[in-house]
Amino acid sequence: MKKYFLSIFLICFCSTVLMAQSGQFMHQFELGILRGNAGNWDGSTMSRTNLSIQSFHGARITENQSVGITLGYDRYEQMDLVPLGFGWRGFRHLDKKLGILGAFDLGYGSAFLEKRQREGLFETWYEGGFFFHPNIGLTFSAGKSPSYYTLSLGFKRQIAHYFSGFLDASGENSISSPLLPRGFSSLTQETYYLNSLSLKLGLVF
Amino acid sequence: MKKRLQLIVSWPVFFILATILFITLPSCQDEVKSTFTYRASIPVFLEMHSIREADIIIQPSPGLDDPGKIYLYGDFLFINEPQKGIHIWDNANPSNPSPISFIPIPGNVDLAINSEMLYADSYVDLLVFDISDIFNISLVKRVEDVFEQMYIDRSTATIITYKDTVITTESEVAPWGRGWSWVLAFSDASSGNRGAAASQSYGQGGSMARFTLLNAHLYAVDESSLRVFDVIKTDDPQHLRNINLGWGIETIFPFQDKLFIGSNTGMYIYDASVASEPKEMAVYQHVTACDPVVVNEKYAFVTLRTGRMCPMGVDELQVIDIQNPYSPKLLKAYPMLNPHGLALSGDYLYVAEGKHGMKSFLVADVLAIDQNQLEFLKSMPSVDMIPGPKSLIVIGADGVCQFDYSTPDALKPLSCIKVKKTVIV
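Chains X and S supply the protein sequences, listed in that same order.
Each position in the first sequence, counted from 1, maps to that position plus 411 in my numbering.
Each position in the second sequence, counted from 1, maps to that position plus 667 in my numbering.
Set out below in structure tokens:
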């Protein structure tokens, strides 16, 4: 699945670059926060605020719409993820001082920044998962410059996994299943569904 | 300004996204789903009556799934598939072994062959098959209730066995380890009936065997005891006695008139010159570790390794002087990676290093084995081996593989009997 995703992503990236060469390219760089609520072991909740950086590189498909790729960095408490996906941007009244923005991103948040760790027979690692991120916002003209500022509010759902398992040191024959990789005698999988309110400031150029 | 707002509101996409956000924003609560998956041996209760009533019908070989013990007899290779039965392969040409048949034996773990009689366990029973015609194998004897430690209720002949399975729960309760699995081993020990022994021909098992034959007696070790069978009359084994050895018994290896029994905590040496009554000669103690053993006239070679049943062990090859079998002495220990089974052929020692591969050594000078490593085949993960007359037979990750070891420092691969399921080593 990841391979298919990566292949499609590369095709889109190449297409975007080609279209960029025809002068229909646009960038959006955004910096902001993801705010959500994490549950505690006793049932109480604790709010979290996480840094989120994202850049969109797209090509205009109509006067007011662009599609392209998004690449980002989200720093959650548990792990750092690198979202990689497809994006859509729609604008209205971009030529005015105040316009509106709609955006939608869909892709895979990779956990490759997290190292796999092993202590004796105990091993832990992270894996990323799919995300989607719709948001709406406002655009502000940056004077005479062709650039625009953006302020957007959205919802981001990111899936990620944490695995911790004990390796089987016996060397005896073993059995496995999709949930228990070969070589492990037990494995705990925690799947996080991170639901966040996103608030971001951006620059379109 | 008013006009601009009207334009904004009229944009349908904006409406759609705003609706999505309005619905989803209140749900900014993280969710965590936790699954705990573990391998476990679940108990299975069986009634021996029903097992005994079922006919054992020889089948065409269905292909190897999960090889256990291997045994070589003449040109035939016998491969146990734990709890299921025994595969028979024609190994006249080790470069091209061919399947002959499969004997379905429920509860089978180990085997030994004596003068065309195959001894195999089936839960609590010992079965005897006549293999004089390899294409027409027949069950000739069932010795009942000799491995009675598996009984959970003797009155109803109910046994308990364990089946490996993978369980997934939504909780995080951690069950530790697997259940005890009863593993039996046959060994070739026998007592002092030289006349009968001289007329018998035994096969060859690996260093991790639990069955062995010696001097017209069959020896089988389970977790805690040594069982002695008189097989002077090869098709009619007589269960003579059980000798309690304590827990942690793993392997048995016969040499001359002695039995070398590997356990988690040491190596037992038994005098089997009177085969029906083996006598303890010595116990060589070592740290708790899994330990198959092979021997020659002067030395015993013992591999110690860490494992599930012995997680606090060490990984090393020990050389023990057994010239005085009543007082074995450690000569030297060599660090290893994760040694499993081993095989001795003349002055050459082959060590299965588990997932790390397979090593060969010249052991003519037992004090300098580390300086005489001949090969380290990292691409050949292995668990046990038999030095046969035509080939070195190795249970590895790919299945049962054979090597030409006529040139001991340059093993040549001959063939591999592939398994459906990769062996974890």
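Virtual Cβ for every residue (Gly too), placed ideally from N, Cα, C.
**Request:** Would you identify the three-state DSSP class for S:Thr-823, choosing helix, strand or coil?
**Result:** Sequence index remark: in the second sequence, residue 823 of chain S carries index 156 (1-based). S:Thr-823: helix per DSSP, three-state reduction.
**Request:** Out of X:Val-493, X:Asn-448, X:Ser-466 and X:Ile-464, state which residue places its alpha-carbon closest to the alpha-carbon of S:Val-699.
**Result:** For the purposes of this step, residue 699 of chain S is identified with residue 32 of the second sequence, where counting begins at 1. When each option's Cα is compared against that of S:Val-699, the closest is X:Asn-448.
**Asked** Would you call the CB atoms of X:Leu-578 and X:Phe-551 closer than 7 Å?
**Response** By one-based count along the first sequence, residue 578 of chain X stands at place 167. By one-based count along the first sequence, residue 551 of chain X stands at place 140. When the beta-carbon positions are compared, X:Leu-578 and X:Phe-551 stay at least 7 Å from each other.
**Prompt:** Within the 7 Å Cβ cut-off, does S:Thr-835 reach chain X?
**Reply:** If you number the second sequence from 1, residue 835 of chain S lands on position 168. Yes, S:Thr-835 lies at the interface with chain X (some Cβ there is under 7 Å from its Cβ).
**Message:** Along the segment 694 to 725 of chain S, where does the CB come closer than 7 Å to a CB of chain X? Name the residues.
**Reply:** Close to chain X, meaning a Cβ-Cβ distance shorter than 7 Å, are the following residues of the segment 694 to 725 of chain S: Ser-694, Cys-695, Gln-696, Asp-697, Glu-698, Val-699, Lys-700, Ser-701, Thr-702, Phe-703, Thr-704, Tyr-705 and Arg-706.
**Prompt:** Taking the continuous alpha helix (DSSP H) assigned at S:Ile-718, which residues delimit it?
**Reply:** What you label residue 718 of chain S is simply residue 51 of the second sequence in a count that begins at 1. Judged by DSSP secondary structure, S:Ile-718 falls within the alpha helix (DSSP H) whose first and last residues are 715 to 720.
**Prompt:** What residues of chain S sit near X:Thr-681, judged by a beta carbon separation below 9 Å?
**Reply:** For chain X, the structure presents residues 412 to 616; residue 681 of chain X sits outside this window and is missing.
**Asked** Which residues in the same chain as X:Ser-558 place their Cβ atom closer than 7 Å to its Cβ, once the five residues preceding and following it in sequence are excluded?
**Response** Taking the first residue of the first sequence as position 1, residue 558 of chain X is located at position 147. Cβ neighbours of X:Ser-558 beyond the five flanking positions: Leu-614, Val-615 and Phe-616.
**Asked** Thinking C-beta only, is X:His-544 closer than 7 Å to X:Gly-565?
**Response** Within the first sequence, residue 565 of chain X is the residue found at index 154, counting from 1. Within the first sequence, residue 544 of chain X is the residue found at index 133, counting from 1. Yes. Within cutoff.
**Prompt:** Using the C-alpha atoms, what's the distance from S:Glu-964 back to S:Ser-930?
**Reply:** Reading the second sequence from its first residue, position 263 is the one you call residue 930 of chain S. Reading the second sequence from its first residue, position 297 is the one you call residue 964 of chain S. Going from the Cα of S:Ser-930 to the Cα of S:Glu-964 covers about 21 Å.
**Prompt:** What three-state label does DSSP hand S:Ala-876 in the structure shown?
**Reply:** Position 209 of the second sequence holds residue 876 of chain S. Residue state, collapsed to three classes: coil.
**Prompt:** Helix, strand or coil: which one does DSSP assign to S:Glu-947?
**Reply:** Taking the second sequence and counting its residues from 1, the one referred to as residue 947 of chain S is at position 280. Correct three-state label for S:Glu-947: strand.
**Request:** On a CA-only basis, which of S:Val-807, S:Val-960 and S:Leu-778 is nearest S:Leu-1011? Give me that one, please.
**Result:** Looking up residue 1011 of chain S in the second sequence gives position 344. The alpha carbon of S:Leu-1011 has as its nearest neighbour, out of S:Val-807, S:Val-960 and S:Leu-778, the alpha carbon of S:Val-960.
**Selected residue, minimal CA-CA separation from S:His-906, among S:Leu-893, S:Tyr-1015 and S:Gly-730** = As a first step, residue 906 of chain S must be located in the second sequence, where it is residue number 239. Cα-wise, what sits closest to S:His-906 is S:Leu-893.
**Prompt:** Between X:Gly-520 and X:Gly-539, is the Cβ-Cβ spacing less than 7 Å?
**Reply:** Here residue 520 of chain X refers to the residue found at position 109 when the first sequence is read from its first residue. Here residue 539 of chain X refers to the residue found at position 128 when the first sequence is read from its first residue. Yes, the pair counts as a contact, with Cβ atoms nearer than the cut-off.
**Asked** Between X:Leu-505 and chain C, is there a C-beta pair that is closer than 7 Å?
**Response** Structure shown: chain C not included; protein chains present are X and S.
**Message:** I'd like to confirm the pairing. Which residues does DSSP put opposite X:Ala-553 in its beta bridges?
**Reply:** For the purposes of this step, residue 553 of chain X is taken as the residue at position 142 of the first sequence. According to DSSP, X:Ala-553 bridges with nothing at all.
**Item:** Closest Cα partner of S:Leu-997 within the set S:Val-969, S:Pro-734 and S:Met-1052
**Value:** Within the second sequence, the letter at position 330 stands for residue 997 of chain S. Looking only at S:Val-969, S:Pro-734 and S:Met-1052, the smallest Cα-Cα distance to S:Leu-997 is reached by S:Val-969.
**Cut-off 7 Å between Cβ atoms - residues of its own chain near S:Pro-992, not counting five sequence neighbours on either side** = Position 325 of the second sequence, counted from the first residue, corresponds to residue 992 of chain S. Lys-925, Ile-936, Met-948 and Ala-949, listed in sequence order.
**Item:** Buried versus exposed call for S:Lys-1026 [16 or more other C-beta atoms within 10 Å across all chains shown]
**Value:** The residue given as residue 1026 of chain S occupies position 359 in the second sequence. It is buried - the Cβ of S:Lys-1026 has at least 16 other Cβ atoms within 10 Å.
**Message:** Using only the alpha-carbon positions, how far apart do X:Leu-610 and X:Tyr-484 sit?
**Reply:** As a first step, residue 610 of chain X is located in the first sequence; it is residue number 199 there, counting from the start. As a first step, residue 484 of chain X is located in the first sequence; it is residue number 73 there, counting from the start. Rounded to the nearest whole angstrom, the CA to CA distance from X:Leu-610 to X:Tyr-484 is 14 Å.
**Message:** Please state whether the Cβ-Cβ distance between S:Gln-1069 and S:Pro-761 is less than 7 Å.
**Reply:** As a working note, residue 1069 of chain S is residue 402 in the second sequence. As a working note, residue 761 of chain S is residue 94 in the second sequence. Yes. Within cutoff.
**Asked** With a CB to CB cut of under 7 Å and the five nearest residues on each side skipped, what residues in its chain are close to S:Pro-764?
**Response** What you label residue 764 of chain S is simply residue 97 of the second sequence in a count that begins at 1. Answer for S:Pro-764: Leu-744, Trp-756, Asp-757, Asn-758, Ser-1082 and Ile-1084, listed in chain order.
**Asked** Since S:Pro-1048 contacts S:Gly-1063 with CB under 8 Å, what's their CB separation in whole angstroms?
**Response** By 1-based counting over the second sequence, the position of residue 1048 of chain S is 381. By 1-based counting over the second sequence, the position of residue 1063 of chain S is 396. Contact holds; Cβ gap of about 6 Å.
**Rounded Cβ spacing between S:Tyr-786 and S:Pro-921 (contact assumed at less than 8 Å)** = As a working mapping, residue 786 of chain S is identified with position 119 in the second sequence. As a working mapping, residue 921 of chain S is identified with position 254 in the second sequence. Between S:Pro-921 and S:Tyr-786 the Cβ distance is about 14 Å, and since that is not below 8 Å, they are no contact.
**Counterpart residues of S:Glu-748 in DSSP-defined beta bridges** = Residue mapping note: residue 748 of chain S aligns to position 81 of the second sequence, counting from 1. Among the bridge pairs identified by DSSP, S:Glu-748 is matched with S:Gly-752.
**Prompt:** Does DSSP put S:Asn-860 in a helix, a strand or coil?
**Reply:** Locating residue 860 of chain S in the second sequence gives position 193, counting from the first residue. Because S:Asn-860 sits at a pLDDT of 41, beneath the cut-off of 50, its placement in the model cannot be relied upon, and the following sentence gives the value as read from the coordinates. S:Asn-860: coil per DSSP, three-state reduction.
**Continuous beta strand (DSSP E) stretch holding S:Val-895: start and end** = Working through the second sequence from its first residue, we reach residue 895 of chain S at position 228. Unbroken beta strand (DSSP E) run through S:Val-895: 892 to 897.
**C-beta atoms of S:Pro-734 and S:Ile-725 nearer than 7 Å** = Taking the first residue of the second sequence as 1, we reach residue 734 of chain S at position 67. Taking the first residue of the second sequence as 1, we reach residue 725 of chain S at position 58. No. Outside cutoff.
**S:Lys-830 beta carbon less than 7 Å from that of S:Glu-709** = Residue numbering aside, residue 709 of chain S sits at position 42 when the second sequence is read from its first letter. Residue numbering aside, residue 830 of chain S sits at position 163 when the second sequence is read from its first letter. The question names Glu, yet the displayed sequence has Ile at residue 709 of chain S. Contact flag set, yes.
**Asked** Among S:Arg-821, S:Glu-917 and S:Pro-771, which one has its Cα closest to the Cα of S:Met-715?
**Response** Position 48 of the second sequence, counted from the start, is the residue given in the question as residue 715 of chain S. Relative to the Cα of S:Met-715, the nearest Cα in the group S:Arg-821, S:Glu-917 and S:Pro-771 belongs to S:Arg-821.
**Request:** Tell me where the beta strand (DSSP E) around X:Gln-439 begins and ends.
**Result:** The residue you call residue 439 of chain X lines up with position 28 of the first sequence. In this chain, the beta strand (DSSP E) harbouring X:Gln-439 covers 436 to 450.
**Request:** For X:Ser-597, decide whether its Cβ has a neighbour in chain S, counting only Cβ atoms nearer than 7 Å.
**Result:** One-based indexing of the first sequence puts residue 597 of chain X at position 186. X:Ser-597 counts as touching chain S.
**Request:** Give every residue of the same chain whose Cβ lies closer than 6 Å to the Cβ of S:Ile-798, excluding the five residues on either side of it in the sequence, and list them in chain order.
**Result:** In the second sequence, counting from the first residue as 1, residue 798 of chain S sits at position 131. The answer, listed in chain order, is Glu-783, Leu-785 and Ile-804.
**Asked** Going along chain S in order, which residues have a C-beta closer than 9 Å to the C-beta of X:Arg-446?
**Response** To locate residue 446 of chain X, count along the first sequence from 1; it is residue 35. By Cβ distance, chain S contributes Cys-695.
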